[in-house]
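See structure below.
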Amino acid sequence: MSAPTPRMLVKVQREDFDVGAELDALTRGRLGVGGMTSFLGLVRDIHGDARVGAMTLEHFPGMTERELGRISAEAHARWPLEATLVVHRFGRLEPGDRIVLCAAASAHRQAAFDACAFLIDFLKTRAPFWKLEATDAGERWVEARASDDDAAARWDAPR
Amino acid sequence: MKILWFAWFRTRVGKTEEQVTLPPEVSDVAGLLEFLRARSPGHAAALRDLSVVRVAVNQEYVPFHHPVRDGDEVALFPPVTGG
Chain A
5 MSAPTPRMLV KVQREDFDVG AELDALTRGR LGVGGMTSFL GLVRDIHGDA RVGAMTLEHF
65 PGMTERELGR ISAEAHARWP LEATLVVHRF GRLEPGDRIV LCAAASAHRQ AAFDACAFLI
125 DFLKTRAPFW KLEATDAGER WVEARASDDD AAARWDAPR
Chain B
192 MKILWFAWFR TRVGKTEEQV TLPPEVSDVA GLLEFLRARS PGHAAALRDL SVVRVAVNQE
252 YVPFHHPVRD GDEVALFPPV TGG
């Protein structure tokens with residue numbers, strides 16, 4: 005019997021998501037999966053020295069989904085994956101809210117760990133989202149961090 | 192050509208999108224940025240520091256030497272901050 009086509013799910017949505025339900029759905033019926041790694045990103049209440057009351061995530065509808073699809077396809081090309089998932093929210097979020105969920109499932113754990121880290125590292129530097137924070141010092145656009153570029157660049161180095 | 196603005200570029204320029212007619216001498220992204228900068232002080236402010244300008248033509252990232260032509264959709268935005 006031939007192996008089933010790898011599952012590659014990308015969701016960009018305003019609504020919250022249920023982590024357990026998303027992860028269950030990702031691997032349901034995939035009996036070749038031996039392990040899954042996931043990353044959940046949440047809104048923090050502190051950024052630098054400012055208290056964050058809320059943030060608004062803007063994105064580029066259309067390109068966001070395509071870019072997340074390209075990043076997912078790249079992960080599937082690099083590792084033997086059974087399934088990947090990226091869920092990313094947009095709109096207004098408050099501290100403690102879920103922002104993003106990445107997951108990678110494979111026969112063995114190392115591919116799952118590596119691919120999940122790859123997904124979030126690349127998402128942070130390539131997916132067209134921008135955070136506008138409402139802080140006690142007023143509204144401000146979050147600046148990109150060089151450390152995020154470094155995190156993505158490590159996947160370019162010879163492995 | 193349709194230009195899309197996002198995040199603080201959008202607030203500087205004061206619009207989410209605009210239609211522009213390319214002058215014949217503009218053939219690539221670098222030339223387009225130069226052309227757009229001259230349109231208003233807001234455009235100039237958004238595009239002052241090219242090291243923070245990211246460009247997508249028809250929803251794909253491209254470098255500044257990438258060709259552009261009428262009919263393209265060009266999105267301009269600062270470095271992304273999702274995740």
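Those sequence lines, one after another, are chains A and B. Quick note on the numbering used here: the first sequence kicks off at 5 and runs consecutively. Quick note on the numbering used here: the second sequence kicks off at 192 and runs consecutively. Cβ atoms here follow ideal geometry from the backbone N, Cα and C, with glycine treated the same way.
CB contact check: residue i to chain B, cutoff 9 Å
{"i": "A:K15", "result": "no"}
{"i": "A:L61", "result": "yes"}
{"i": "A:A131", "result": "yes"}
{"i": "A:L127", "result": "yes"}
{"i": "A:I103", "result": "yes"}
{"i": "A:D160", "result": "no"}
{"i": "A:V146", "result": "yes"}
{"i": "A:D152", "result": "yes"}
{"i": "A:I124", "result": "yes"}
{"i": "A:R96", "result": "no"}
{"i": "A:H112", "result": "no"}
{"i": "A:H92", "result": "yes"}
CB contact check: residue i to chain A, cutoff 9 Å
{"i": "B:F255", "result": "no"}
{"i": "B:F226", "result": "no"}
{"i": "B:L241", "result": "no"}
{"i": "B:G274", "result": "yes"}
{"i": "B:E251", "result": "yes"}
{"i": "B:V265", "result": "no"}
{"i": "B:V271", "result": "yes"}
Element boundaries [beta strand (DSSP E), containing residue i]
{"i": "A:Q17", "result": "R11 to Q17"}
{"i": "B:T272", "result": "Counting along the chain, B:T272 falls outside any beta strand (DSSP E), and DSSP gives it neither H nor E."}
{"i": "A:F43", "result": "G39 to L46"}
{"i": "A:A138", "result": "F133 to T139"}
{"i": "A:L97", "result": "G95 to L97"}
Option in the options with minimal Cα separation from residue i
{"i": "A:A119", "options": "A:D153, A:V56, A:H63 and A:A87", "result": "A:A87"}
{"i": "A:L13", "options": "A:L46, A:A77 and A:G39", "result": "A:A77"}
{"i": "A:R144", "options": "A:A58, A:I103, A:R158 and A:H80", "result": "A:A58"}
{"i": "B:T207", "options": "A:F64, A:D152 and A:G52", "result": "A:F64"}
{"i": "B:G233", "options": "B:V248, B:R203, B:P269 and B:L227", "result": "B:R203"}
{"i": "A:A92", "options": "A:V104, A:T129 and A:P84", "result": "According to the sequence as given, residue 92 of chain A is His; it is not Ala. Closest by alpha carbon: A:V104."}
{"i": "B:G262", "options": "B:W199, B:E225, B:L213 and B:R201", "result": "B:L213"}
{"i": "B:L271", "options": "B:M192, B:F197 and B:H256", "result": "In the sequence as displayed, the identity of residue 271 of chain B is Val instead of Leu. The candidate whose alpha carbon is nearest that of B:V271 is B:F197."}
{"i": "A:R11", "options": "A:M67, A:D28, A:A121 and A:D160", "result": "A:D28"}
{"i": "B:G205", "options": "B:V211, B:V217 and B:A236", "result": "B:A236"}
Start-to-end residues for the alpha helix (DSSP H) that takes in residue i
{"i": "A:R32", "result": "No alpha helix (DSSP H) contains A:R32, which DSSP labels as neither H nor E."}
{"i": "A:M67", "result": "M67 to R82"}
{"i": "B:L238", "result": "Premise fails: B:L238 is in no alpha helix (DSSP H) and is neither H nor E."}
{"i": "A:R55", "result": "No alpha helix (DSSP H) contains A:R55, which is instead part of the beta strand (DSSP E) from A54 to H63."}
{"i": "A:A109", "result": "Note, A:A109: premise wrong, no alpha helix (DSSP H); beta strand (DSSP E) at R102 to S110."}
{"i": "A:A121", "result": "R113 to R130"}
{"i": "A:A148", "result": "No alpha helix (DSSP H) holds A:A148; DSSP gives it neither H nor E."}
Presumed contact (8 Å Cβ cut-off) between residue i and residue j, rounded CB distance
{"i": "A:F117", "j": "A:T41", "result": "5 Å"}
{"i": "A:S110", "j": "A:V37", "result": "7 Å"}
{"i": "B:V248", "j": "B:V265", "result": "5 Å"}
{"i": "A:L72", "j": "A:L127", "result": "7 Å"}
{"i": "A:P84", "j": "A:V56", "result": "About 39 Å separates the two Cβ atoms, so there is no contact after all."}
{"i": "A:A150", "j": "A:F122", "result": "That pair is no contact at about 19 Å."}
{"i": "A:T68", "j": "A:V16", "result": "5 Å"}
{"i": "B:G273", "j": "A:F21", "result": "About 15 Å; that fails the 8 Å criterion."}
{"i": "B:L227", "j": "B:L238", "result": "6 Å"}
For residue i, the residue or residues it bridges with in DSSP
{"i": "B:H257", "result": "According to DSSP, B:H257 bridges with nothing at all."}
{"i": "B:D219", "result": "B:P258"}
{"i": "B:A266", "result": "B:L195 and B:A247"}
{"i": "A:A87", "result": "A:R11 and A:A109"}
{"i": "A:G24", "result": "The partner list for A:G24 (beta bridge, DSSP) is empty, contrary to what the question assumes."}
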